[in-house]
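Heads up: the structure comes next, in structure tokens.
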Amino acid sequence: MASAKKLKGMIRHLLAAAEERGMTRAHLLSLLGFQNPLYVEQILKEMVADGELVCHGRGNSRRYGLSQRDERLEGVIQIARKGFGFVHVEGRQEDVFIPPSATGGALSGDRVAISVHSTSSRRHFRGIAPTHDDSSALHDTVGRVVQILERNHALVVGSVAEVDHVLGLTPLRRELPFFIPFRDTADSIQMDLKPGGWIQAAIVPYPDDPERPWRAQPRRSLSKGSSASTDIKAVCKEYDLPNPYTPQAEAKAAALQPVDVPREDCRELTAVTIDPESACDFDDAISLETLPDGCLRLGVHIADVACYVPAGSALDAAAQKRGCSCYLPSGMIPMLPMAIAATLCSLRQDEDHLAHSVFMDVDPDSGEIRRHRRAHTWVRIRQRLNYGEVERFLSGESLPHLKDGVAPLLTACGKLAKTMRRRREQTECFLPFELPATEVLCSGTPLKVIGLRQKTTGPADALIEEFMLAANSCVAADLAADHVPALYRNHGAPSSEALETFRHEVGWLLGKLDHGLRTRADLARMMRRICKHEAAPLLLYPLLRNMPRAEYGISPEGHYGLGKNCYCHFTSPIRRYPDLLVHQQLTMKDLGQALRPATEVESLAQQCNERETTTDQAAFAVSDRLKLRLLQQNLEQGRLRSLEGQICHISSSGLSIHLPAYATTGLLPLRSIPGGPWHCNPEKGVMTGRDGQLYRFGQALSVTVRDLDIVRGSLELRLQANETPSPRNSKRRSR
Numbered sequence: 076m077a078s079a080k081k082l083k084g085m086i087r088h089l090l091a092a093a094e095e096r097g098m099t100r101a102h103l104l105s106l107l108g109f110q111n112p113l114y115v116e117q118i119l120k121e122m123v124a125d126g127e128l129v130c131h132g133r134g135n136s137r138r139y140g141l142s143q144r145d146e147r148l149e150g151v152i153q154i155a156r157k158g159f160g161f162v163h164v165e166g167r168q169e170d171v172f173i174p175p176s177a178t179g180g181a182l183s184g185d186r187v188a189i190s191v192h193s194t195s196s197r198r199h200f201r202g203i204a205p206t207h208d209d210s211s212a213l214h215d216t217v218g219r220v221v222q223i224l225e226r227n228h229a230l231v232v233g234s235v236a237e238v239d240h241v242l243g244l245t246p247l248r249r250e251l252p253f254f255i256p257f258r259d260t261a262d263s264i265q266m267d268l269k270p271g272g273w274i275q276a277a278i279v280p281y282p283d284d285p286e287r288p289w290r291a292q293p294r295r296s297l298s299k300g301s302s303a304s305t306d307i308k309a310v311c312k313e314y315d316l317p318n319p320y321t322p323q324a325e326a327k328a329a330a331l332q333p334v335d336v337p338r339e340d341c342r343e344l345t346a347v348t349i350d351p352e353s354a355c356d357f358d359d360a361i362s363l364e365t366l367p368d369g370c371l372r373l374g375v376h377i378a379d380v381a382c383y384v385p386a387g388s389a390l391d392a393a394a395q396k397r398g399c400s401c402y403l404p405s406g407m408i409p410m411l412p413m414a415i416a417a418t419l420c421s422l423r424q425d426e427d428h429l430a431h432s433v434f435m436d437v438d439p440d441s442g443e444i445r446r447h448r449r450a451h452t453w454v455r456i457r458q459r460l461n462y463g464e465v466e467r468f469l470s471g472e473s474l475p476h477l478k479d480g481v482a483p484l485l486t487a488c489g490k491l492a493k494t495m496r497r498r499r500e501q502t503e504c505f506l507p508f509e510l511p512a513t514e515v516l517c518s519g520t521p522l523k524v525i526g527l528r529q530k531t532t533g534p535a536d537a538l539i540e541e542f543m544l545a546a547n548s549c550v551a552a553d554l555a556a557d558h559v560p561a562l563y564r565n566h567g568a569p570s571s572e573a574l575e576t577f578r579h580e581v582g583w584l585l586g587k588l589d590h591g592l593r594t595r596a597d598l599a600r601m602m603r604r605i606c607k608h609e610a611a612p613l614l615l616y617p618l619l620r621n622m623p624r625a626e627y628g629i630s631p632e633g634h635y636g637l638g639k640n641c642y643c644h645f646t647s648p649i650r651r652y653p654d655l656l657v658h659q660q661l662t663m664k665d666l667g668q669a670l671r672p673a674t675e676v677e678s679l680a681q682q683c684n685e686r687e688t689t690t691d692q693a694a695f696a697v698s699d700r701l702k703l704r705l706l707q708q709n710l711e712q713g714r715l716r717s718l719e720g721q722i723c724h725i726s727s728s729g730l731s732i733h734l735p736a737y738a739t740t741g742l743l744p745l746r747s748i749p750g751g752p753w754h755c756n757p758e759k760g761v762m763t764g765r766d767g768q769l770y771r772f773g774q775a776l777s778v779t780v781r782d783l784d785i786v787r788g789s790l791e792l793r794l795q796a797n798e799t800p801s802p803r804n805s806k807r808r809s810r
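And the structure:
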């Protein structure tokens with residue numbers, strides 16, 4: 076009897092020579108000779124399931140033919156936990172489905188070449204989720220990976236693990252397989268690898284084992300054990316975050332001399348910086364003057380970094396590669412040497428510094444910016460302030476330590492910011508994503524997680540945000556009007572599906588379904604209505620996650636979240652490369668020098684987007700794991716018996732539970748919930764059981780930890796012993 080590979084080749088050869096109608100099963104069997112009919116039947120089923128063949132008719136009248144193939148396509152593949160995958164091809168609305176047996180050894184993130192079949196053969200895959208989401212429609216396009224063009228994960232970071240007496244790697248990234256055996260145990264013995272330590276390994280194909288077609292080859296040991304410090308080190312290695320600048324690089328940066336640019340002397344202005352108390356670099360300051368015509372001249376003064384880091388310099392290349400500064404609980408990884416970020420360019424109190432300023436003449440009654448201009452300046456900061464003390468002042472507290480002129484400046488700025496925000500709310504209908512951010516607190520050596528702190532947006536944050544948004548908008552308008560090749564900050568509209576899901580979730584939680592979200596103004600009104608509700612995070616965080624990422628582009632395409640048609644980033648050149656690039660282009664324009672061409676700027680846009688995404692992913696990965704480490708510490712010390720959470724998502728996998736105390740989410744698997752079988756109704760946000768009991772979106776539950784995996788950043792929960800679902804007619808909502 077022929078091997079499966081050989082038999083498939085014979086079937087392909089016969090069907091390639093067949094008529095357009097294909098061949099019946101009986102005809103195929105007769106041409107194949109003395110093959111086992113049941114064996115041939117199994118091979119035919121596999122080939123149909125893989126999308127190689129199409130089958131028409133039933134029973135003995137079934138006819139088989141080769142699938143109609145499109146041209147070879149290329150794209151990035153994502154592999155689901157059940158083994159199937161999807162390939163996103165640029166320009167195609169629908170992703171291409173890849174069956175488990177057709178992935179060709181590809182891993183999530185790999186760039187692959189695929190052969191595509193236009194067929195609906197996916198219906199043969201019983202028990203496989205239709206698409207990325209349970210509610211998605213079936214795709215009719217099935218493909219097979221024919222070549223791996225570029226490995227996204229040639230080297231991966233993970234923890235050494237032992238499964239069924241086999242030593243291997245548990246990758247840090249959840250999109251990769253849970254366990255990859257080592258290719259050669261001699262490597263692990265030689266490197267003295269023990270379960271629990273972090274390592275970096277190469278992933279190589281291993282076609283001899285269809286169940287586990289990859290093997291790990293250890294390349295470097297990162298740590299022998301696991302701790303908060305090693306977690307951060309592992310994430311930094313996995314996401315290829317840069318190391319701090321060397322002492323030699325810092326010394327070179329400290330000796331830099333600025334490019335000579337004509338400047339206005341603005342050192343007599345009362346200018347202040349307002350930053351977090353822990354800030355060590357100060358790249359923006361504000362001032363305010365009253366003009367003879369009654370307008371207020373708002374000055375936003377930004378550190379003139381481009382005069383120290385001109386385009387094409389060695390330091391510019393280093394900043395390009397980093398893309399942005401990365402902020403982790405263990406400290407900051409700066410985009411620029413600290414000699415520049417915290418000394419030369421930092422707008423420190425009582426020192427003369429170079430600035431790139433935007434002056435906006437604002438109507439104090441309407442908040443309208445009547446005119447604006449930009450200039451290179453000298454500034455001298457009257458006083459460094461932090462958000463906390465400015466908030467206390469704006470709430471009416473007297474601050475005796477304020478220097479002359481600072482108190483009236485803050486009073487006027489607070490009033491103007493409110494007026495400008497009110498106008499922007501009316502004219503731009505921006506989306507009010509005013510959600511608290513959770514900061515992981517660490518201290519000590521070795522580093523230890525000591526708690527979490529919620530950071531809310533207060534009046535001082537809103538004041539600075541309002542003025543920075545105004546400056547960014549004015550600079551973007553100038554760039555567009557003068558046709559200067561630059562990077563704009565663009566943000567696309569959310570999909571209709573995301574908006575409809577949000578509308579339904581609001582209805583489930585608040586008991587009233589709104590009439591649709593036809594415009595951004597409708598969405599903004601709904602968000603304002605719920606932002607003060609105790610369950611606002613339950614609704615707004617998923618909406619934020621389901622929106623397109625804001626990205627940089629060569630053309631102003633509008634910013635949906637802010638409601639702006641033309642917007643750029645100008646106000647943070649110390650920590651973001653796109654801002655620095657804008658400064659560089661404007662400085663070269665002011666000096667009459669040749670600008671970077673649009674083609675180069677467009678290439679830099681893609682690079683900046685990729686670095687920003689990577690840096691964000693790394694920061695989230697660190698935060699997720701440190702939160703779980705804190706949870707683990709509390710469990711081990713007996714300080715935690717149960718967790719209070721709310722159902723934030725219902726799927727065929729189970730219930731996702733938001734845990735406010737730890738600002739994280741865990742999964743309550745369907746298999747562990749008594750009372751099944753359970754039926755999910757995504758249209759109503761409920762899951763009903765055999766006896767009519769149900770769980771609903773927003774419902775409060777008491778849970779305990781079933782399994783906590785710091786390596787993968789995942790949390791599995793189980794119900795408290797006394798926790799039961801609601802009766803079918805219950806109106807139970809969040810507590």
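Each residue of the sequence shown is one higher than the last, beginning at 76 in this note's numbering. C-beta atoms are modelled at their ideal positions from N, C-alpha and C, and glycine is treated no differently. Source: prediction; values computed, not measured.
At least 8 Å separates the beta-carbon of Gly387 from that of Tyr462.
In the structure shown, the three-state DSSP call for Cys641 is coil.
Per the coordinates, the alpha-carbon of Ser400 lies some 7 Å from the alpha-carbon of Arg651. Put simply, the backbone Cα of Pro412 is about 32 Å away from that of Gly272.
Shown here for Lys299: same chain residues with a beta carbon closer than 6 Å to its own, the five before and five after excluded, namely Gly272 in chain order.
Taking a contact to require three or more Cβ pairs closer than 8 Å, the segment 742–756 and the segment 720–728 qualify as touching.
Gly179 is positioned such that its CB atom lies no closer than 8 Å to that of Asn227. Contact check for Ile361 and Val375: beta-carbon distance about 6 Å, within the 8 Å limit, so the pair qualifies.
Excluding its 5 nearest sequence neighbours in each direction, Ser421 has C-beta neighbours in its own chain below 6 Å: Asp356 and Phe357, listed in chain order. If you ignore the 5 residues before and after Cys504, its C-beta comes within less than 6 Å of the C-beta of Arg595, Ala596, Ala599 and Gly638, all in its own chain and listed in chain order. When DSSP states are grouped into helix, strand and coil, Val657 belongs to the helix group. Ranking Tyr770, Arg704 and Gly767 by CA distance to the CA of Val780 puts Arg704 first. Arg294 and Ala309 do not touch by the CB rule: their CB atoms are close to 14 Å apart, not below 8 Å. A straight-line Cα-Cα distance of about 57 Å links Ala537 and Pro282. Here Tyr402 carries a strand assignment [DSSP, helix/strand/coil]. For Val481, same chain residues with a beta-carbon under 7 Å away, outside a window of 5 residues either side, are Thr345, Val347, Arg457 and Gln458 in chain order. Under the Cβ criterion (8 Å, minimum of three pairs), the segment 615–622 does not count as touching the segment 521–528. Ranked by Cα distance from Asn547, the options Tyr563, His558, Asp259 and Trp453 are led by Tyr563. As a beta-bridge residue in DSSP terms, Leu792 pairs with Val780. Inter-residue distance for Ala91 and Ala673 is about 49 Å (C-alpha atoms, whole angstroms). Under DSSP, the beta-bridge partners assigned to Trp273 are Ser234. The C-beta of Arg593 has fewer than 16 other C-beta atoms within 10 Å across all chains shown, which makes the residue exposed. Going by DSSP, Arg457 is part of the beta strand (DSSP E) stretching over Ile444 to Asn461. The beta carbon of Arg498 sits closer than 8 Å to those of Ser441, Gly442 and Glu443, all from its chain and outside the five residues before and after it, given in chain order. Along the segment 504–554, the beta strand (DSSP E) occurs as fully enclosed runs of 3 or more residues at 512–518 and 523–530, listed in sequence order.
In the three-state DSSP reduction, Gln292 falls in the strand class (E or B).
Counting only the Cα atoms, Glu609 lies some 21 Å from Lys759. Pro631 and Arg138 have their alpha carbons spaced roughly 54 Å apart. Per the C-alpha coordinates, the member of Arg87, Ser78 and Gly132 positioned closest to Tyr114 is Ser78. Residue range Leu769 to Arg771 is occupied by the beta strand (DSSP E) that includes Tyr770.
Within the same chain, no residue comes within 7 Å of Gln668 by CB-CB distance, once the 5 residues on both sides are set aside. In this structure Gly750 is in contact with Asp766, their Cβ atoms being roughly 6 Å apart against a cut-off of 8 Å. Sequence-distant partners of Leu242 (beyond 5 residues in either direction) whose C-beta falls short of 6 Å from its own C-beta, in its chain, are Phe257 and Ser263. Put simply, the segment 433–440 does not touch the segment 404–418. Fewer than three CB pairs are less than 8 Å apart. For Ser570, no pairing in a beta bridge is given by DSSP.
Secondary structure of Thr662 (DSSP, three-state): helix.
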